[in-house]
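Enquirer:
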Amino acid sequence: MENNFQNFQVFDLKIPDFGDLKLVSISPKYLQIILLNIVLFSVFLIGVMGVAFYFFYFNLSSLEIWAIVVGIFLLIVFLFLNAVIGFKFRKYAIREKDLVYQHGWFKRTLMIVPFKRIQHIKVEQGWFSKILNLKSVAVYTAGVSGGDITINGLPEDIAEGINNLIRESISKEKTDNGGEA
Numbered sequence: 001m002e003n004n005f006q007n008f009q010v011f012d013l014k015i016p017d018f019g020d021l022k023l024v025s026i027s028p029k030y031l032q033i034i035l036l037n038i039v040l041f042s043v044f045l046i047g048v049m050g051v052a053f054y055f056f057y058f059n060l061s062s063l064e065i066w067a068i069v070v071g072i073f074l075l076i077v078f079l080f081l082n083a084v085i086g087f088k089f090r091k092y093a094i095r096e097k098d099l100v101y102q103h104g105w106f107k108r109t110l111m112i113v114p115f116k117r118i119q120h121i122k123v124e125q126g127w128f129s130k131i132l133n134l135k136s137v138a139v140y141t142a143g144v145s146g147g148d149i150t151i152n153g154l155p156e157d158i159a160e161g162i163n164n165l166i167r168e169s170i171s172k173e174k175t176d177n178g179g180e181a
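Numbering (full-length UniProt numbering), first residue to last: 1 to 181.
Following this line, the structure appears as structure tokens:
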């Protein structure tokens with residue numbers, strides 16, 4: 001018996017080249033919010049450690065105390081460096097039919113969400129973002145978890161423009177498909 005098993009490729013995947021995609025950086029003012037959050041976390045962490053040493057004086061050697069202090073210091077330095085270096089990789093693009101968001105410098109993630117998959121969209125503004133005239137746009141998708149995107153640090157007018165563009169696109173698609181707008 002002759003075995004003539006063949007497995008031909010059914011179709012060629014035409015994967016778009018994202019190399020020419022012009023991603024836009026988020027507002028540099030958003031870095032202030034990130035750094036403020038890290039400062040607040042650092043103060044909290046140092047305070048908790050101070051309280052722990054004061055009330056629960058451990059029988060630790062000076063070497064162990066220095067190891068804890070250096071460990072906390074290195075953690076705080078890492079958080080600051082991660083925020084500053086990673087900030088330049090937070091970018092987005094709006095195309096005719098989808099929203100693109102990139103983030104991360106250790107692990108770079110590029111997310112593309114087609115407008116037709118978006119269930120709802122939310123524009124938010126925190127108290128410090130309000131001072132800096134920034135907003136966040138969050139889109140929630142149908143289907144697989146992890147498809148939701150939140151783009152923080154957008155100027156107010158751009159965030160509202162993205163919100164309106166996506167809503168109009170979704171409304172137009174529903175109308176074109178015979179549904180209600």
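Each residue gets a CB set at the ideal place from its N, CA and C atoms; glycine is no exception.
Report buried or exposed for residue 65, applying the criterion of at least 16 other Cβ atoms within 10 angstroms of its Cβ.
Expert: Residue numbering aside, residue 65 sits at position 65 when the sequence shown is read from its first letter. So residue 65 counts as exposed.
Enquirer: Which whole runs of the beta strand (DSSP E) in the segment 87–138 are 3 residues long or more, in chain order?
Expert: Here the runs fully enclosed are 91–94, 98–103, 109–114 and 118–124.
Enquirer: Taking the beta strand (DSSP E) that residue 4 falls in, what are its first and last residues?
Expert: For the purposes of this step, residue 4 is taken as the residue at position 4 of the sequence shown. Careful: residue 4 lies outside any beta strand (DSSP E) and carries neither H nor E.
Enquirer: Among 155, 130 and 77, which one has its Cα closest to the Cα of residue 39?
Expert: Taking the sequence shown and counting its residues from 1, one reaches residue 39 at position 39. The option with the nearest alpha carbon to residue 39 is 77.
Enquirer: Grouping DSSP H, G and I as helix and E and B as strand, with all else coil, what is residue 147?
Expert: Start at 1 with the first residue of the sequence shown, and residue 147 comes out as number 147. Residue 147 falls in the coil class under three-state DSSP.
Enquirer: Check whether the segment 104–121 touches the segment 27–44, counting contact only when three or more Cβ pairs, one atom from each stretch, lie closer than 8 Å.
Expert: The segment 104–121 is not in contact with the segment 27–44.
Enquirer: Mind checking whether residue 162 and residue 137 have CB atoms under 8 Å apart?
Expert: Here residue 162 corresponds to residue number 162 of the sequence shown, with the count starting at 1. Here residue 137 corresponds to residue number 137 of the sequence shown, with the count starting at 1. Yes. Within cutoff.
Enquirer: Are residue 149 and residue 115 closer than 8 Å when you measure CB to CB?
Expert: Mapped onto the sequence shown, residue 149 falls at position 149. Mapped onto the sequence shown, residue 115 falls at position 115. No; because the gap between Cβ atoms is not below 8 Å, this pair is not in contact.
Enquirer: Cα-Cα, which of 128, 125, 157 and 121 is closest to residue 140?
Expert: As a position in the sequence shown, residue 140 is number 140, starting the count at 1. Answer by Cα proximity: 121.
Enquirer: Would the beta-carbon of residue 134 fall within 8 Å of that of residue 30?
Expert: Residue 134 sits at position 134 when you count from the first residue of the sequence shown. Residue 30 sits at position 30 when you count from the first residue of the sequence shown. Contact flag set, yes.
Enquirer: May I ask you to report which of helix, strand or coil DSSP gives residue 57?
Expert: On the sequence shown, residue 57 is found 57 positions in, with the first residue counted as 1. Looking at residue 57 - three-state DSSP - the assignment turns out to be coil, as it is neither helix nor strand.
Enquirer: Could you check how far apart the C-beta atoms of residue 92 and residue 24 are, in whole angstroms? I think they sit under 8 Å.
Expert: For this step, residue 92 is matched to residue 92 along the sequence shown. For this step, residue 24 is matched to residue 24 along the sequence shown. Indeed, because the Cβ distance is near 6 Å, the residues count as touching under 8 Å.
Enquirer: Just verifying my parser: in three-state terms, what is the DSSP assignment at residue 75?
Expert: Position 75 of the sequence shown, counting from 1, holds the residue named residue 75. Looking at residue 75 - three-state DSSP - the assignment turns out to be helix.
Enquirer: Assign residue 118 to buried or exposed, taking buried as 16 or more other Cβ atoms, counted over all protein chains shown, within 10 Å of its Cβ.
Expert: By one-based count along the sequence shown, residue 118 stands at place 118. Burial call: buried.
Enquirer: Look up residue 165 in the DSSP assignment and say whether it is helix, strand or coil.
Expert: The sequence position of residue 165 within the sequence shown is 165, counting from 1. Note: residue 165 maps to helix in three-state DSSP.
Enquirer: Just to confirm my understanding: we take residue 87, look at its own chain, exclude 5 residues before and 5 after, and list those with CB closer than 6 Å. What are they?
Expert: Counted from its first residue, the sequence shown places residue 87 at position 87. Result list for residue 87: 31, in chain order.
Enquirer: Compute the distance between the beta-carbons of residue 158 and residue 90, then report whether it is under 8 Å.
Expert: Residue mapping note: residue 158 aligns to position 158 of the sequence shown, counting from 1. Residue mapping note: residue 90 aligns to position 90 of the sequence shown, counting from 1. Not a contact, by the Cβ cut-off of 8 Å.
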